[in-house]
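Worksheet: one structure, shown below.
Residue numbers (our numbering): 23 to 989.
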């Protein structure tokens, strides 16, 4: 890997190294990331990233001389999903000042993305490359090089060129024990030191300007010294470093490729004073003295213990009580030592720790970081305020950026003594997002009780409100007309406010439950509002007139599910045009409510349908009118999507859904775009950590779907703009909302590259069209044709490309897929009614291509894992004296005959004798038969090894064995 040297001042040394400027390109501007799920030996999906490097990147880095102007339309549109804007910031990490002359540019972190924000032009340059949350960042003294690192399973350290936003070096998995928790660059930017986040922390020093993949040196730290979370080089001597935990400071000496450290003792007894927790440490300009700040407002002074030059050993020589408030930040700039504290005060001291000046008039929260501009002020410039000394000299200091623990970033103009708020974001989990139905507005609500509304076209905050006394906003939604915004709280209350002002008259707060509100939805005519809560109940309100005013009246509440409610949805009755309300639960029940007859007597149920057997539904949405038939679309945890007739609730189609490591948890049909084809329809969705888009109609073609990581710690919700151009995802715990621009033409191109007609479905078969499975399908298919015309006939056969629908179950089983009776009925109905809405005729036969689609869409996404079998035994069985779960033979036989899809004794006898290899033909279903086949107490190991015939090494049960719904 070719590299670029660390500093602009060392460019002479870098000339030779940058001729082959093979910077690793993995930003959005020059990386095509496509997530391909390969089956590994454990049957799990893993993410594979394909990168496309640009040859011109090296020259861009080499020729750049200053920070480029960040254009507002700088995103490439070669991907179906393009990250457009990042709302929020990680308040636990520092905010760095990158430029402070003609433009004001800062760097901060949003989840797994680093944001270069140009406040002057209100533009962002998003540095994308991490797949896990960024946990630390640093910058070179001249702000040319930026470094970000994460703590994921495959952690990355990326060095970026700040002038171009291009990554010039990536260290892959340099701390496999847990990622990187802190790091720092040397003054000349040549060396990078990283500290691992494992139980035993490892400190590594890297010469990132060379091609070596190994550190220059490393040392493991003893866990007794606590978790070292702050680190830096001595700015005047690269061989000296310092780090500290909350209880212990460590000094490092790096000589001749060897790194060693010392841990000088420091406790309350050292100076007979309360020490407090250690926060940050710095070296002073003499390269020997060091300072450490504490939570008790003290400064610990460290000096050399001996006069020998090497190695330098330090000890605490003095404890200076600077203030009563805890010091959270300690840094050094020019000739000043600077502190920030929990009161939001920033104080400047000279080398003797004499107070020179203080900034306490900005009403800041506890300080998290202080970053000074790289531009030095001129002493001759007029207008600087006086310092606090008796001489009252002009206090000449660089401009600086302060970040606080409540996600606020403030710029301070030192010459004019004026502060300017650059960022004020949500400081608590942000899990509620809703888009206005008619304007370019998006509302975001967090657990701090704050709602903030943004104009996502102009990237400006429109209004905000902090709700009291109810906090912890769980969900928000606009009504279809855009007049109201409903807000649901963790306390069980929900409130209806004006969509423009976020204000209400005080009478629009409703509190009918102590359980947290999880879903809010308005009817299409905005007359009804329904809420679902963690108490598994649905509450209904109706807007009606009382005199001259419109008020919301309580219509009832119904505990309609016995497991959590997954989704809540209003629709429109096709016959009467009246609103319909449906709820979908983890209990697999789809419940429709009787809105017309509900009222003061309570919320009534119109119908309840169990729509799944073993799969757990996760969400639902109304399918767009692509056919004369009206459908409800659901997704499940088994990577299947189903279309149900809106009236009869019959399952009319099952397709293999997006499989990107976790099932779909929320879907949204995209409104028709003004620029797109009005006949084309698309759907956005989220999984556990990804956002994706899907081309409609659904048919199981995997190339019609695209997804990428949006929030690696988990995505909470999804919202789409009214014009179908943007999708918004909220990350919950990462306090971030991402705006994604949708490039539908790119998705169509990607789908076209996947092949036409049946090619994508052939590729879903093991071995493809030339594989054994396809040939086996053809043979079975032709055998069914022969069998239907009598195998022994000598007459001329009628050649056909189709077989009877009644043969489909036998053909499926012959291929090793054993569906349940309900699944077989769903298959039959899918084919039988496929053309009924258009022709009013049933389909009674099927060709090979239709059968292949039916097979790949209905078969399980993966085999039954051994853990699934273990879970079944834990639910149905009892632990024996060795702690193994066993099932009594008679109880198992009774369960199989009485629960789920009932099996007769004849069915059981045939199944078990076949499984254990005993001929059961003509055998009567007596108790002695089962006694000869099954032991009195059946353990999971016995069931797997002796009955199913699996080896102990098998981790996944093959599909050939099938499984009963009870297990």
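Glycine is no exception: its CB is placed at the ideal position from the N, C-alpha and C atoms.
Model, not experiment: these values are computed from the prediction.
Let me make sure I understand the geometry here. Which of 550, 229, 719 and 902 has the alpha-carbon closest to that of residue 191?
Residue mapping note: residue 191 aligns to position 169 of the chain shown, counting from 1. The shortest C-alpha to C-alpha distance from residue 191 to any of 550, 229, 719 and 902 is the one to 229.
For residue 755, which residues of its own chain have a beta-carbon under 8 Å away from its beta-carbon, when the five flanking residues on both sides are left out?
Stepping through the chain shown from its first residue, residue 755 is reached at position 733. Answer for residue 755: 451, 735 and 736, listed in chain order.
If you pair each beta-carbon of the stretch 889-896 with each one of the stretch 933-942, do three or more pairs fall below 8 Å?
Taking one beta carbon from each stretch, the stretch 889-896 and the stretch 933-942 have fewer than 3 pairs nearer than 8 Å; the two do not touch.
Option in 874, 326 and 889 with minimal Cα separation from residue 798
On the chain shown, residue 798 is found 776 positions in, with the first residue counted as 1. Checked all of 874, 326 and 889; the closest Cα to residue 798 is 874.
Could you check what DSSP says for residue 672 in three-state terms: helix, strand or coil?
As a first step, residue 672 must be located in the chain shown, where it is residue number 650. Coil at residue 672, not helix or strand.
Counting only C-beta atoms, is residue 853 closer than 8 Å to chain C at any point?
The chain labelled as chain C is not found in the depicted structure, where only one protein chain is given.
For residue 772, report the span of its alpha helix (DSSP H) as first-last.
The count along the chain shown starts at 1 and reaches residue 772 at position 750. It spans 766-775 - the alpha helix (DSSP H) in which residue 772 sits, taken as one unbroken run.
What is the DSSP secondary structure of residue 186, reduced to helix, strand or coil?
The residue given as residue 186 occupies position 164 in the chain shown. Residue state, collapsed to three classes: coil.
According to the Cβ coordinates, are residue 453 and residue 752 closer than 8 Å?
Along the chain shown, one-based indexing puts residue 453 at 431. Along the chain shown, one-based indexing puts residue 752 at 730. Cβ atoms of residue 453 and residue 752: closer than 8 Å.
Would residue 307 and residue 258 be called neighbours here (beta carbons separated by less than 8 Å)?
One-based indexing of the chain shown puts residue 307 at position 285. One-based indexing of the chain shown puts residue 258 at position 236. Contact: yes.
Separation of residue 426 from residue 443, as counted between CA atoms
On the chain shown, position 421 is the one that residue 443 refers to. On the chain shown, position 404 is the one that residue 426 refers to. Straight through space, the alpha carbons of residue 426 and residue 443 are spaced by roughly 11 Å.
Check for me: the alpha helix (DSSP H) holding residue 872 runs from which residue to which?
Here residue 872 corresponds to residue number 850 of the chain shown, with the count starting at 1. For residue 872, the enclosing alpha helix (DSSP H) has its first and last residue at 870-880.
Is it buried or exposed for residue 295, if we count other Cβ within 10 angstroms and need 16 for buried?
On the chain shown, position 273 is the one that residue 295 refers to. Burial call: exposed.
Could you give the distance in angstroms between the alpha-carbon of residue 65 and the alpha-carbon of residue 684?
Residue numbering aside, residue 65 sits at position 43 when the chain shown is read from its first letter. Residue numbering aside, residue 684 sits at position 662 when the chain shown is read from its first letter. Confidence at residue 65 is low in this model, with a pLDDT of 34, below 50, so its placement is unreliable and the value that follows should be read with caution. Using only the alpha carbons, I get a separation of about 13 Å.
Whose C-beta lies closer than 6 Å to the C-beta of residue 249 among residues of the same chain, with five residues either side of it excluded?
Numbered from 1 along the chain shown, position 227 holds the residue referred to as residue 249. Excluding positions up to five away in sequence, the list reads 267.
Excluding sequence positions up to five away, which residues of its chain have a Cβ less than 7 Å from the Cβ of residue 763?
Mapped onto the chain shown, residue 763 falls at position 741. Closer than 7 Å at the Cβ level, and outside the excluded window around residue 763, lie 97, 104, 106, 747 and 748.
Which of the three DSSP states, helix, strand or coil, is assigned to residue 913?
If you number the chain shown from 1, residue 913 lands on position 891. In this structure, residue 913 counts as helix in the three-state DSSP scheme.
Determine the burial state of residue 273: buried for a count of at least 16 other Cβ atoms within 10 Å of its Cβ, exposed for fewer.
In the chain shown, the residue the question calls residue 273 occupies position 251. Answer is buried; the Cβ neighbour count reaches 16.
Residue 565, DSSP secondary structure in three states
As a working mapping, residue 565 is identified with position 543 in the chain shown. Residue state for residue 565 is assigned as strand, using DSSP reduced to three classes.
Just to confirm my understanding: we take residue 846, look at its own chain, exclude 5 residues before and 5 after, and list those with CB closer than 6 Å. What are they?
Within the chain shown, residue 846 is the residue found at index 824, counting from 1. Apart from the 5 residues on each side of it in sequence, residue 846 sits with its Cβ closer than 6 Å to the Cβ of 831 in its chain, given in chain order.
Give a yes or no on whether the C-beta atoms belonging to residue 498 and residue 506 are separated by under 8 Å.
Indexing the chain shown from 1 puts residue 498 at position 476. Indexing the chain shown from 1 puts residue 506 at position 484. No; because the gap between Cβ atoms is not below 8 Å, this pair is not in contact.
What's the C-alpha gap between residue 488 and residue 110?
For the purposes of this step, residue 488 is taken as residue 466 along the chain shown, with counting starting at 1. For the purposes of this step, residue 110 is taken as residue 88 along the chain shown, with counting starting at 1. Each residue's Cα considered, the two are about 16 Å apart.
Could you tell me the alpha carbon to alpha carbon distance between residue 423 and residue 706, rounded to whole angstroms?
On the chain shown, position 401 is the one that residue 423 refers to. On the chain shown, position 684 is the one that residue 706 refers to. Taking the straight line from one Cα to the other gives about 38 Å.
Please say whether residue 297 and residue 304 have beta carbons closer to each other than 8 Å?
By 1-based counting over the chain shown, the position of residue 304 is 282. By 1-based counting over the chain shown, the position of residue 297 is 275. It is not a contact, given that the beta carbons lie outside the stated cut-off.
How far does the beta strand (DSSP E) with residue 242 in it reach, from first residue to last?
Translated into the one-based positions of the chain shown, residue 242 becomes position 220. Looking at the DSSP string, the run of the beta strand (DSSP E) that includes residue 242 is 239-242.
Any idea which residues DSSP pairs residue 570 with across the strands?
By 1-based counting over the chain shown, the position of residue 570 is 548. DSSP links residue 570 through a beta bridge to no other residue.
What are the start and end residues of each continuous alpha helix (DSSP H) run of 4 or more residues lying completely inside the stretch 773-854, in chain order?
Qualifying alpha helix (DSSP H) stretches, in chain order: 781-786, 794-810, 830-836 and 843-854.
Using 10 angstroms around the beta-carbon of residue 480, count the other beta-carbons present and answer buried if the total reaches 16, otherwise exposed.
The residue labelled residue 480 in the question sits at position 458 within the chain shown. Result: exposed.
Can you give me the C-alpha to C-alpha distance between residue 782 and residue 724, rounded to a whole angstrom?
The residue given as residue 782 occupies position 760 in the chain shown. The residue given as residue 724 occupies position 702 in the chain shown. In a straight line, the C-alpha of residue 782 is about 7 Å away from that of residue 724.
When DSSP builds the beta bridges, which residues end up paired with residue 533?
Translated into the one-based positions of the chain shown, residue 533 becomes position 511. The partner list for residue 533 (beta bridge, DSSP) reads 515.
Under 8 Å between C-beta atoms of residue 851 and residue 677:
For the purposes of this step, residue 851 is taken as the residue at position 829 of the chain shown. For the purposes of this step, residue 677 is taken as the residue at position 655 of the chain shown. Taking the C-beta atoms as reference points, residue 677 is found no nearer than 8 Å to residue 851.
Report the start-end ranges of each beta strand (DSSP E) in the stretch 257-343 that is 3 residues or longer and not cut off at the edges.
Segments of the beta strand (DSSP E) lying fully in the stretch 257-343: 259-266, 271-277, 280-284, 300-305, 312-316, 320-326 and 336-343.
Is DSSP giving residue 46 helix, strand or coil here?
Working through the chain shown from its first residue, we reach residue 46 at position 24. In this predicted model, residue 46 has a pLDDT of only 37, less than 50, meaning its place in the structure is not dependable; the value taken from the coordinates is given anyway. Residue state, collapsed to three classes: coil.
Does the Cβ-Cβ distance between residue 542 and residue 512 come in under 8 Å?
One-based indexing of the chain shown puts residue 542 at position 520. One-based indexing of the chain shown puts residue 512 at position 490. It is not a contact, given that the beta carbons lie outside the stated cut-off.
Residue range of the beta strand (DSSP E) that includes residue 619
Counted from its first residue, the chain shown places residue 619 at position 597. Here the beta strand (DSSP E) through residue 619 covers 611-621.
Those residues which DSSP pairs with residue 435 across a bridge:
Here residue 435 refers to the residue found at position 413 of the chain shown. Residue 435 pairs with 440.
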